[in-house]
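There are 2 protein chains.
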Amino acid sequence: MATEIERKFLVTGEGWRAAALAPGLRLRQGYLPNGGAPTAPVVRVRLAGEDGFLTIKGPGLLSRAEFEYPIPAADAEAMLATLCTPPVLEKSRTRVAHGGLVWEVDVFAGHLAGLVMAEVELASADQPFARPDWVGAEVTDDARYQNAVLSRALAPPHG
Amino acid sequence: MATEIERKFLVTGEGWRAAALAPGLRLRQGYLPNGGAPTAPVVRVRLAGEDGFLTIKGPGLLSRAEFEYPIPAADAEAMLATLCTPPVLEKSRTRVAHGGLVWEVDVFAGHLAGLVMAEVELASADQPFARPDWVGAEVTDDARYQNAVLSRALAPPHG
């Protein structure tokens, strides 16, 4: 079990592309139905490139418990196709160096095309960090930008 | 991924004890909240003796998709304590030979003490099998006897 502390931002510029550490990784992910209560844990099924993962996240926005396990890609495919609430969320994730930290920039596709978000994982909730000039509003505390909520959105919440 | 075909019965006698293949294994298990819809997959967290498991089961009674993964016992303990809907379901499972098949007899404890059930896994839904004289009513199609439902019961449904 890990506790994940992340801050999330909308991306407003393209400057991150020059600082990319590697080409983007294609992610496809979905969520098992959980009734939608804000306190309900989230179960995420993810294909990251050719690798499958199953992740259970406790409630919370800035800080939350996380349990993640590798699973066969075929299992992830089957769960995305038959058990997860459609649609499958698709994005390309690029790791970007900034101010001594690694940021992850997510360019969404499919029903969320046009949305670009960045997140940085911190060791503590009050850890100082350098804010890149290619990010705009912080959305850490905005539940609409949780991926489990985005996956159910009919249109980009920023559009 | 496996497809599980199981038939379930209430146990009315003690004859199974003489045919036990091994001492009973203590199981402690709980379920992540899923909103309770009959079509929602179930996520089960289980401690079987010292071993942890995470299992996702698709909808269905007699036959259902099942994905099961070993996880660290400490993770299972943490999820049972903090993420699963209380109470934790406790039972002792004994493997029993009968008519060339292996049955599993579950003696429930805790809030379900007094309930004893048996199930047999079949290769197909219409596979013939010998019905032991220590089982009573079949409850395969009775959703009240699904473990995910039993775990939320306040009193034994047979009492």
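Those protein sequences? They're chains A and B, same order as listed. Its first residue numbered 87, the first sequence is counted upward by one per residue in this note's numbering. Its first residue numbered 87, the second sequence is counted upward by one per residue in this note's numbering. Every residue gets a Cβ at the ideal spot worked out from N, C-alpha and C, and that includes glycine.
Quick check on this structure: which residue in B:VAL131, B:GLU205, B:GLU152 has the alpha carbon closest to the alpha carbon of B:ALA167? B:VAL131
Using 8 Å as the limit for Cβ to Cβ distance, is A:GLY161 near chain B? The sequence as given places Asp at residue 161 of chain A; Gly does not occur at that position. Taking Cβ atoms only, chain B reaches closer than 8 Å to A:ASP161, which makes this a yes.
Reduced DSSP secondary structure (H/G/I, E/B, other) of B:ARG217: Reduced to three states, the DSSP call for B:ARG217 is coil.
Measuring CB to CB, does A:THR226 end up less than 8 Å from A:LYS94? Yes, they are a contact pair.
Cβ of A:SER149 less than 8 Å from any chain B Cβ? no
Whether or not the stretch 180-196 of chain A and the stretch 93-112 of chain A are in contact is what I'm after, with contact meaning three or more pairs of Cβ atoms, one per stretch, closer than 8 Å; do they touch? Enough Cβ pairs lie closer than 8 Å, so yes.
B:GLY144 versus chain A: which residues are under 8 Å apart at the beta carbon? THR168, LEU169
Per-residue burial, B:ALA126 [other beta carbons within 10 Å of its own, 16 or more giving buried]: buried
Let's see if you can read the secondary structure: which residues bound the beta strand (DSSP E) around A:GLY192? Just to set this straight, residue 192 of chain A is Asp in the shown sequence, not Gly. Taken as a continuous stretch (DSSP letters only), the beta strand (DSSP E) holding A:ASP192 covers 187-194.
Give a yes or no on whether the minimum CB-CB distance between B:TYR117 and chain A is below 8 Å. no
Taking the beta strand (DSSP E) that A:ALA204 falls in, what are its first and last residues? From DSSP, the beta strand (DSSP E) with A:ALA204 extends over 202-207.
Beta-carbon neighbours of A:ILE157, restricted to chain B and to distances below 8 Å: PHE153, TYR155
Interface partners of A:GLY122 on chain B, CB under 8 Å: For A:GLY122, the residues of chain B that pass the 8 Å Cβ criterion are GLY121, in the order they occur in the chain.
Is the distance from the Cβ of A:SER237 to the Cβ of A:TYR117 below 8 Å? Closer than 8 Å, so yes.
Anything in chain B within Cβ reach of A:PRO172, meaning under 9 Å, just list it in chain order. Per Cβ cutoff of 9 Å: no residues; A:PRO172 is ~13 Å from chain B at best.
Could you pull the DSSP bridge partners for B:SER237 from this structure? Paired residue(s): none; B:SER237 is not in a bridge.
Between which two residues does the alpha helix (DSSP H) containing B:GLY161 stretch? It should be noted that the sequence gives Asp, not Gly, for residue 161 of chain B. 159-168 is the extent of the alpha helix (DSSP H) around B:ASP161.
Quick check: is the beta carbon of A:ALA234 nearer than 8 Å to any beta carbon in chain B? no
For B:ARG114 and B:ALA83, the rounded distance between their alpha carbons: In the structure as shown, chain B begins at 87 and stops at 245. Residue 83 of chain B is therefore absent and cannot be evaluated.
Beta-carbon of A:ALA229 versus every beta-carbon of chain B: anything under 8 Å? The beta carbon of A:ALA229 sits no closer than 8 Å to any beta carbon of chain B.
Below 8 Å between beta carbons: does that hold for B:TRP189 and B:PRO218? yes
Through-space distance from A:ALA164 to A:ALA104, alpha-carbon basis: Near 36 Å, if we compare the C-alpha coordinates of A:ALA164 and A:ALA104.
Since A:ALA164 meets chain B, which of its residues come closer than 7 Å, beta carbon to beta carbon? MET87
Along chain B, in chain order, which residues have C-beta atoms closer than 7 Å to that of A:ALA126? PRO119
For the beta strand (DSSP E) holding A:GLY116, just list the boundary residues, first then last. 111-117
State buried or exposed for B:LEU140, treating a residue as buried only when at least 16 other CB atoms are found within 10 Å of its CB. buried
Which listed residue (A:GLY121, A:SER210, A:PRO158) has its alpha carbon closest to that of A:GLY65: As shown, chain A starts at 87 and ends at 245. That puts residue 65 of chain A outside it, with no answer to give.
Could you check the C-alpha separation between B:VAL191 and B:GLU207 for me, to the nearest Å? 12 Å
Mind reading off the beta-carbon distance from A:ALA216 to A:GLY185? Whole number of angstroms is fine, and I expect it under 8 Å. Approximately 3 Å separates the beta-carbon atoms of A:ALA216 and A:GLY185; this is inside 8 Å, confirming the contact.
When you compare the CB of A:LEU140 with every CB in chain B, is at least one pair closer than 8 Å? Judged by the 8 Å Cβ criterion, A:LEU140 is in contact with chain B.
Residues of chain E with a CB under 8 Å from the CB of B:VAL129: which are they? In summary, chain E is missing from the structure at hand, where the protein chains are A and B.
Within a Cβ cutoff of 7 Å, which residues of the same chain sit near B:GLU136, ignoring the five residues on either side of it in sequence? ALA159
8 Å Cβ shell around B:VAL97 - same chain, five flanking residues per side excluded: VAL191, VAL202, MET203, ALA204, TRP220, VAL221, GLY222
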